[in-house]
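Numbering (the UniProt record's numbering), first residue to last: 1 to 477.
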């Protein structure tokens, strides 16, 4: 049994050589603890001396203090109960050896995992220039995209200025069109007034012509009545004239008076007719002059209305063309805004994705560092357990060697106390690993670096406590 124990402990000494041992390609996983069927039962006399296996959930086990081991009482000169007890102790030692071999394999796998993690950490330490180069490439692309975005903003501002200019031009043309429409309405109103005036003049001319015709008829009637009166007067004069047989006597000159009266009566209608004709001619001349002026004004108004109509049609055509150009520019501006909005959204998505990748990379780095620290803590706890088992086996070996010599009757030995001495190569190796962890933590955020520094400080305190406890236990022994 002891030979098998020594032969099985040989790999432990080789596995304790730390990083100097040749690496073996083992899978990066922590071997599970031994099943319950392969675990030995605790010693009947020392039930609390053998430490239990380390659970998978307890990554960082607290340091274990030394515990007394009560060896079986050796009765002087009595050998009848030695053989069964030795058989049970051999079974227990065999179970302990198997368990110890399992722990050795587990330590070996953890060391392999440690070396693999150290390699990964070195690879990760060599990675920072690549993200910087990636950042430079992405920075160049981002600068180009920002330049395009600024150019698009400039084009948008220019399109907005052009739109404002076209809106102002459209407003000016609309005001001019409204002014022309007002002028056209005023001209049409003036034309209607002139037409009404011309119609009034035509009606007045017709009235005057009717009055002139009535005056002509009245004048002819007066002439006819005057001729009849003259004929009657002549007949009356001839009838009243005395016969010419008697001598001439002094009579009033009736003939002269009649002639004078006749001349006056004949001159009166002529004067009236001449006055009526003069008034008619003057009235007709004034009406003709007013009608000519009205017709000239109507022709001028018509010419002006036609010119205004042509200008209005030209302005309407120009306004329609400007409205089409304005709508086209608005559609182009809307399409440009939508395209630039889509490009800006794509750039924002790209930036967010890159930031998310950066955060994921930092989180992955912190997770690897935490796993590495957990493995370091597990390794330290396993080193402590291995040292405890080594001391336990050495004490049992000394006990059995002392019992096999057949010494004379002696009192039972006092309960020896064994210390959990960590191996000598552990502190320097831990310091190197802690330096690597410190170098790696410089690449991660400050909060996670502080958490890792606290974990490393706790590990250092645990190691110092273990060393101090081992010294005290050795002094007690």
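Each residue gets a CB set at the ideal place from its N, CA and C atoms; glycine is no exception. Please read these numbers as outputs of a predicted model, since none were measured by experiment.
Note down the Cα distance separating residue i from residue j, rounded to an integer number of angstroms.
i	j	result
residue 233	residue 258	9 Å
residue 385	residue 127	37 Å
residue 218	residue 269	11 Å
residue 115	residue 122	10 Å
residue 154	residue 145	14 Å
residue 289	residue 195	15 Å
residue 301	residue 287	20 Å
residue 138	residue 117	30 Å
residue 315	residue 308	10 Å
residue 168	residue 174	10 Å
residue 165	residue 148	25 Å
residue 318	residue 182	19 Å
residue 276	residue 228	23 Å
residue 180	residue 312	7 Å
residue 332	residue 342	15 Å
residue 101	residue 120	28 Å
residue 354	residue 370	24 Å
residue 94	residue 388	17 Å
residue 221	residue 236	22 Å
residue 513	residue 392	Only positions 1 to 477 of the chain appear in the structure, and residue 513 is not among them; the question remains open.
residue 490	residue 274	Here the chain has residues from 1 to 477 only, and residue 490 is not among them.
residue 105	residue 345	55 Å
residue 97	residue 103	10 Å
residue 423	residue 396	Low confidence applies here, because residue 423 scores a pLDDT of 42, under 50, leaving its location unreliable; read the following figure in that light. Rounded to the nearest angstrom, the two C-alpha atoms are 20 Å apart.
How many whole angstroms separate the CB atoms of residue i and residue j, which I take to be in contact at a CB cut-off of 8 Å?
i	j	result
residue 280	residue 212	5 Å
residue 337	residue 156	7 Å
residue 294	residue 201	6 Å
residue 521	residue 187	Since the first residue shown for the chain is 1 and the last is 477, residue 521 is missing from the structure and cannot be characterised.
residue 284	residue 208	7 Å
residue 198	residue 298	6 Å
residue 161	residue 365	Wrong, their Cβ atoms sit about 51 Å apart, outside the cutoff.
In this structure, how does DSSP classify residue i when only helix, strand and coil are distinguished?
i	result
residue 390	helix
residue 126	coil
residue 41	Only weak support exists for where residue 41 lies, its pLDDT of 42 falling under 50; the coordinates are left without a value.
residue 317	helix
Using CA atoms only, rank isn't needed, just tell me which of the options is closest to residue i.
i	options	result
residue 113	93, 374, 341, 328	374
residue 325	291, 119, 170, 99	170
residue 110	296, 383, 216, 400	383
residue 351	255, 140, 192	140
residue 172	397, 322, 264	322
residue 334	376, 152, 189	152
residue 226	216, 208, 265	265
residue 379	84, 86, 88, 107	107
residue 306	92, 185, 84, 99	185
What I want to know is whether the C-beta of residue i ends up closer than 7 Å to one or more non-hydrogen atoms of the ligand SAH.
i	result
residue 366	Ligands are entirely absent from the displayed structure, and the ligand SAH is therefore not among its contents.
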